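Step one of this worksheet: look at the structure below.
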Amino acid sequence: SSGINAEYGYRNKLKYFAFLRKRMNSNPSHGPFHFRAPSKILWRTIRGMIPHKTQRGMEALNRLKVFEGIPAPYDKTKRMVIPSALRVLRLKPGRRYASVGRISREVGWKYGDIVDKLETKRKEKSAAYFEAKKKLNALKAKAEAGA
């Protein structure tokens with residue numbers, strides 16, 4: 017989720033800092049909770065779009081799963097691309113944007129480097145698996161052509 021883009025990087029950072037200032041004066045542990053992780057920022061944004069105080073909304077929110085990077089059970093599943101959500105189609109050329117991950121790091125999220133390291137490791141493993149799969153498919157094709 018740290019790869020999610022938001023238009024107007026600096027302005028969004030200022031908006032998030034304004035949100036951080038909002039708190040319950042008498043007891044901040046009651047007040048609005050300010051998540052720093054990109055996945056939790058996305059989760060809260062989606063919660064704002066859902067009637068989360070109704071039973072139906074609560075069930076929908078419980079079905080939503082957000083993660084930093086791609087964890088173990090989901091790294092094997094096929095990724096989907098939503099064309100209508102692509103940055104090149106949504107933003108005008110030359111528009112400034114910022115990733116939610118960058119904004120998170122600037123407001124105090126400490127685990128960006130760890131997530132980046134784990135994602136690099138996952139991508140290397142995935143690339144090795146894909147190469148092995150390509151070789152296997154080539155052998156299968158060769159065997160089918162010979163048979």
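Read in order, the letters of the sequence shown correspond to residues 17 to 163 in the working numbering. Backbone N, C-alpha and C define an ideal beta-carbon position, used for all residues, glycine too. In this text, all values refer to a predicted model and were calculated from it rather than measured experimentally.
Pairwise C-alpha distance: residue j and residue i
i    : j    : result
G19  : R106 : 15 Å
G128 : A159 : 46 Å
G73  : R63  : 9 Å
P54  : V116 : 6 Å
Own chain residues within Cβ distance below 8 Å of residue i, not counting five before or after
i    : result
F51  : I57, W59 and R60
G124 : R52
S142 : D91
Cβ shell of residue i (< 6 Å), same chain only, five flanking positions each side left out
i   : result
H46 : M40
D91 : R138
Supposed close pair residue i, residue j - CB separation, criterion 8 Å
i   : j    : result
K38 : I119 : Not confirmed; about 17 Å, so no contact.
G25 : Y145 : Going by Cβ atoms, the distance from G25 to Y145 rounds to 35 Å, so no, they are not a contact pair.
Residue i, DSSP secondary structure in three states
i    : result
N28  : helix
A163 : coil
N21  : strand
K168 : Summary: the structure shown does not reach residue 168, with the chain confined to residues 17 through 163, and so no result is reported for it.
A157 : helix
Residues of its chain near residue i, where Cβ-Cβ distance is below 7 Å and the 5 sequence neighbours each way are ignored
i   : result
A76 : I66
Can you give, in chain order, each stretch of the beta strand (DSSP E) that sits fully within the segment 87 to 155 and has at least 3 residues? 113 to 115
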